[in-house]
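Participant: Sharing a structure with you now.
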Amino acid sequence: MLDDVHVKDRGAQFSFLVRQAISRSERYDIKTIAKRMGLSYQAFYQRLNGSTPFAADEIRRLIAVFPDPSIVSYLLRGTAYVAAERIGEAEGDPEDTLYQAAHRVVLEASDVLREIDVALRDHRIDHRDTASIVKEIEDAERSLISLRTFIAGR
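For the sequence shown, the working numbering assigns the number -4 to the initial residue and increments by one for each residue that follows.
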């Protein structure tokens, strides 16, 4: 999907992705993210519209204050790495945290099956179906890797 955006400007695809992710978000807005990153609204907006590229430290702060997995996945695309969320043990029972993480894996895998089912209703998979399925697979991979990391760290 994002690779279809034909841009030559340095960082324009990344800016486009971040702008899209923020507009889809129900919890975050441009003003709040800019403030948490230590940028003025105008400076952050210049990065979002591509006129000023994000610096590496700004990308790190962006990920810290706006933890959207699509941003990290974009940065890791084409590498041997996959983004995974850290599972922190809640104040409660560690076994409950483990159960919730395992349950999330099952839910994410069922989302993959649902997208495939929807895609095959017309007996073919087009580019939009492929993008939806790949997104769900990436979500499932992240949850599985997060679970593995959590278990290995115990």
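Ideal Cβ positions, reconstructed from N, Cα and C, are used throughout, including at glycine.
All values reported here derive from a predicted model rather than from experimental measurement.
According to DSSP, simplified to helix, strand and coil, what is residue 118?
Facilitator: Within the sequence shown, numbered from 1, the residue matching residue 118 stands at position 123. Three-state result, residue 118: coil.
Participant: For residue 88, which residues from the same chain have a beta carbon less than 8 Å from its beta carbon, with the 5 sequence-adjacent residues on both sides left out?
Facilitator: Stepping through the sequence shown from its first residue, residue 88 is reached at position 93. There are no such residues.
Participant: Whole-angstrom Cβ separation of residue 60 and residue 31, contact assumed at under 8 Å?
Facilitator: Working through the sequence shown from its first residue, we reach residue 60 at position 65. Working through the sequence shown from its first residue, we reach residue 31 at position 36. Yes, they are in contact, since the Cβ atoms of residue 60 and residue 31 sit about 4 Å apart, within 8 Å.
Participant: Please classify residue 134: is it buried, with 16 or more other beta-carbons within 10 angstroms of its beta-carbon, or exposed?
Facilitator: Within the sequence shown, the letter at position 139 stands for residue 134. Classification for residue 134: buried.
Participant: Taking only three categories from DSSP, how would you classify residue 80?
Facilitator: The residue given as residue 80 occupies position 85 in the sequence shown. Coil.
Participant: Buried or exposed: where does residue 127 fall if 16 or more other Cβ atoms within 10 Å of its Cβ makes it buried?
Facilitator: The residue labelled residue 127 in the question sits at position 132 within the sequence shown. Flag for residue 127 reads buried.
Participant: Pick out whichever of 142, 42, 116, 124 has its Cα sitting closest to the Cα of residue 103.
Facilitator: One-based indexing of the sequence shown puts residue 103 at position 108. The candidate whose alpha carbon is nearest that of residue 103 is 142.
Participant: Would you kindly check if the distance between the Cβ of residue 9 and the Cβ of residue 25 is under 8 Å?
Facilitator: Mapped onto the sequence shown, residue 25 falls at position 30. Mapped onto the sequence shown, residue 9 falls at position 14. Against a cut-off of 8 Å, the Cβ pair of residue 9 and residue 25 comes out as no contact.
Participant: May I ask you to report which of helix, strand or coil DSSP gives residue 64?
Facilitator: By 1-based counting over the sequence shown, the position of residue 64 is 69. In the structure shown, residue 64 sits in a helix (DSSP, three-state: H, G or I).
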